[in-house]
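Numbering (our numbering), first residue to last: 75 to 315.
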């Protein structure tokens with residue numbers, strides 16, 4: 075039985091869940107624009123444990139969103155996850171943030187995507203995380219969640235995705251996609267404004283990695299920032315006293 079704590083803090087959304095054998099049994103999320111992760115993360119962890127009747131010692135592992143995304147947000151989530159894993163001597167699982175978003179979009183928007191289907195135009199999934207101005211962190215995935223284009227920082231302009239749009243239906247989503255709506259006016263483009271990073275998209279991949287023993291080194295693991303950024307490491311009140 076895999077009892078996994080899941081943590082997602084790569085954007086302004088702070089999402090925490092607890093899954094047992096691939097089923098998300100408890101979920102708490104905060105969508106505040108002021109990045110309240112340091113204030114709510116530990117509270118959410120305690121709440122999902124309480125709601126599932128578990129103690130920290132019952133956990134088999136922790137899955138954390140590895141980025142790309144907000145430097146501060148990622149540091150908070152990864153620091154908390156590493157602290158729990160170190161204290162309990164349990165494995166740490168790193169989940170690609172953009173791939174998790176793609177998984178969630180394909181699952182939760184299946185009906186809308188089916189209505190947008192065309193037999194000669196395969197579907198591509200384009201998660202986008204807001205970076206700055208018209209820049210986003212994005213990747214392009216097929217429906218098997220394989221990279222068609224790698225994770226990168228992209229300045230979105232008119233025509234940026236036209237080459238792919240000529241032969242594919244493309245779903246754009248995430249807070250980065252919202253600001254790109256004016257330049258994504260192509261008949262093969264579909265924008266979803268309500269798909270954000272969440273542990274809902276992490277569960278199945280976390281279970282796969284747990285069963286495969288695909289863990290990262292608790293001591294040396296660092297988030298995937300994509301871009302260098304100089305900042306102080308935020309302090310997080312620990313779960314353990």
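C-beta atoms are modelled at their ideal positions from N, C-alpha and C, and glycine is treated no differently.
All of these numbers come straight from a predicted model, not from anything done at the bench.
(message) My output table needs one value for residue 242: the three-state DSSP class, helix, strand or coil.
(response) coil
(message) Quick check on residue 183: does DSSP put it in helix, strand or coil?
(response) coil
(message) By the three-class DSSP mapping on this structure, what secondary structure does residue 299 have?
(response) coil
(message) I'd like to know if the region 79-96 and the region 273-283 are in contact, where contact means that at least 3 CB-CB pairs between them fall below 8 angstroms.
(response) yes
(message) Bridge partners for residue 201 per DSSP, in chain order?
(response) 247
(request) Indicate the three-state DSSP secondary structure (helix, strand or coil) for residue 135 in the structure shown. (result) strand
(request) Using beta-carbon positions only, say whether residue 202 and residue 271 come within less than 8 angstroms of one another. (result) no
(request) Express the C-alpha separation of residue 146 and residue 235 in angstroms, rounding to a whole number. (result) 30 angstroms
(request) Sort out for me which residues DSSP pairs residue 266 with in a bridge. (result) 247
(message) Using DSSP's beta-bridge definition, name the partner residues of residue 169.
(response) 139
(message) Which residue wins for smallest C-alpha separation from residue 254, given the options 222, 208, 93 and 114?
(response) 208
(message) Contact defined as beta carbons within less than 8 angstroms: I believe residue 223 pairs with residue 257. What is the distance between those atoms, to the nearest angstrom?
(response) So it is not a contact: roughly 17 angstroms between Cβ atoms.
(request) Mark residue 155 as exposed unless 16 or more other C-beta atoms lie within 10 angstroms of its C-beta, in which case mark it buried. (result) buried
(message) Check whether chain C comes within 8 angstroms of residue 262, counting only Cβ atoms and requiring the distance to be less than that.
(response) Absence of chain C from the displayed structure is noted, only one protein chain being present.
(message) Taking the straight line between their C-alpha atoms, what separation do you get for residue 96 and residue 213?
(response) 25 angstroms
(request) Determine the extent of the alpha helix (DSSP H) in which residue 112 is found, giving its start and end residues. (result) 111-126
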